[in-house]
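In my numbering, the protein residues as written are 22 to 175.
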């Protein structure tokens with residue numbers, strides 16, 4: 022039986038967040054190691070962002086991920102520019118948490134918090150996103166993640 026291109030495409034799209042999710046604990050570990058060696062969480066975060074910025078610039082100028090349109094950025098709401106600030110807080114806190122809690126518990130707490138946050142964002146359609154109300158299965162998934170974090174912290 023041949024698969025539908027739409028199904029295959031959706032399956033392929035699911036591989037991206039799986040890979041990204043697998044990379045997060047690795048990023049936690051790498052950044053934490055760098056902060057241990059350098060004895061500076063903020064320096065390690067700056068190095069992480071500098072290397073990431075170089076990679077993003079290469080991707081941006083490659084043209085493979087859309088055209089660069091700086092003039093269109095004026096239409097973005099002011100709050101949309103805060104993503105970098107939140108990213109810095111995320112990277113710094115992940116290094117501190119990983120050093121103190123270990124990669125498994127730190128990652129699990131982050132994943133549980135992300136899940137609860139995305140359920141809330143989806144439910145209310147926050148930040149201009151489509152509204153996707155919380156359903157019983159989604160609520161149960163959030164509760165299961167909280168239970169998993171609680172079990173890990175014992």
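We treat Cβ as the ideally placed atom computed from N, Cα and C, and that holds for glycine.
- With at least 16 other beta carbons inside 10 angstroms of its own, residue 127 counts as buried.
- In the DSSP annotation of this structure, the continuous segment of the alpha helix (DSSP H) that includes residue 142 starts and ends at 124-145.
- Membership of residue 84 in any alpha helix (DSSP H) is not indicated, and neither H nor E is assigned to it by DSSP.
- Residue state for residue 90 is assigned as coil, using DSSP reduced to three classes.
- DSSP places residue 163 inside the alpha helix (DSSP H), whose first and last residues are 157-173.
- Per the Cβ contact rule, the segment 82-99 is not in contact with the segment 34-42 (fewer than 3 Cβ pairs under 8 Å).
- When DSSP states are grouped into helix, strand and coil, residue 38 belongs to the helix group.
- When the beta-carbon positions are compared, residue 162 and residue 136 come within less than 8 Å of each other.
- In the structure shown, the three-state DSSP call for residue 59 is helix.
- Under the 8 Å Cβ criterion, the segment 54-62 counts as touching the segment 113-123, having at least three qualifying pairs.
- Around the beta carbon of residue 141, fewer than 16 other beta carbons lie within 10 angstroms, which makes this residue exposed.
- Taking each of 139, 44, 148 and 169 in turn and checking the Cα distance to residue 156, the smallest one comes out for 139.
- DSSP, read as helix, strand or coil, puts residue 118 in helix.
- Between residue 52 and the set 36, 72 and 34, the nearest pair of CA atoms involves 72.
- DSSP places residue 54 in the helix class (H, G or I) of the three-state scheme.
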